[in-house]
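Numbering (the numbering used here), first residue to last: 179 to 471.
By construction, the Cβ of each residue, glycine as well, lies at the ideal position given by its N, Cα and C atoms.
Small disclaimer: the values here were computed from a predicted structure and weren't measured.
Have a look at the structure below, then the notes.
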Ligand code: ZN
């Protein structure tokens, strides 16, 4: 029996200006800048990692800042919203905080829960959802967001697709089950209590195809407990989709595959984590380049 996938590990997106990206995620959302490195597949560009205080799997949002890249276009075959959990009772705090930083918000209700929706400076859609379950979180030590309101890691993500069936079949192979349906939106989750477990699929047959660019999500990564579990998933999913070999990403090990609707998925290991090359006090302060590089 393959060790289950419990939820998201990280989400990786494309930004334009690195400084603006850094300022927004640390000073507006209050995340910790846990790692500053280079894109191992394109070493001329940065790779930024934001998360809780130690970069716990399920809290990590990463960016390739690619200045001069054209803006992406929202469309089918793409992750159209990335949702974070916030503590129950903190939505008013966040609405006011975002408003004070001139970030326009909108409230949308999905499956009975209110999603506070807004965009980052590149137009990437983010949501904050109050979550009543206790989630242990290492609140970022350098943030001015009080720990009781701190972002708790991911709630989930929303994919836009032309049809549901084949994506749903792959999600079921990954251990995700349909929780509920609401018009064009269907929610899936694995049997787990982990952060980042909700995956909504929105079907729109008339959507334009997505175009990768700034403000769009490059891929979403799911958690594998360890290397053995990752190899099991590589073999199991390899019967349905093309899966890459294991890539060493220094902070985790990764395999990648494209789901049938076109969204790039990754399965990443929890270990070794972000403390492998820096002490916890100074995470993110120096540019880290792996030795093998
Ligand atoms: Zn990744």
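Exposure of residue i, with buried meaning 16 or more beta-carbon neighbours within 10 Å
i           : result
residue 213 : buried
residue 315 : buried
residue 199 : buried
residue 423 : exposed
residue 416 : exposed
residue 294 : buried
Cutoff 6 Å; reference residue i; Cβ partners in own chain excluding five residues on either side
i           : result
residue 378 : 336, 363, 365
residue 443 : 435, 437
residue 397 : 190, 442, 444
residue 390 : 250
Bridge partner(s) assigned by DSSP for residue i
i           : result
residue 408 : Answer is none; residue 408 lacks a bridge partner.
residue 426 : 431
residue 265 : 309
residue 289 : Residue 289 is not bridged to any residue.
residue 339 : 381
residue 444 : 399, 434
Contact check, residue i vs residue j, beta carbons under 8 Å
i           : j           : result
residue 322 : residue 193 : no
residue 439 : residue 344 : yes
residue 287 : residue 348 : no
residue 257 : residue 421 : no
residue 269 : residue 292 : yes
residue 445 : residue 454 : no
residue 181 : residue 403 : yes
residue 310 : residue 266 : yes
residue 281 : residue 296 : yes
residue 373 : residue 331 : yes
residue 305 : residue 261 : yes
residue 239 : residue 188 : yes
Nonlocal neighbours in the same chain, by C-beta distance under 8 Å from residue i, ignoring five residues either side
i           : result
residue 244 : 192, 193, 194, 223, 392
residue 340 : 254, 255, 381, 382, 383, 385, 439
residue 211 : 200, 203, 204, 226, 227, 228, 461, 462
residue 414 : 180, 351
Three-state class that DSSP yields for residue i in the structure shown
i           : result
residue 218 : coil
residue 461 : coil
residue 310 : coil
residue 414 : helix
residue 273 : helix
residue 203 : helix
residue 386 : coil
residue 358 : strand
residue 256 : strand
residue 368 : strand
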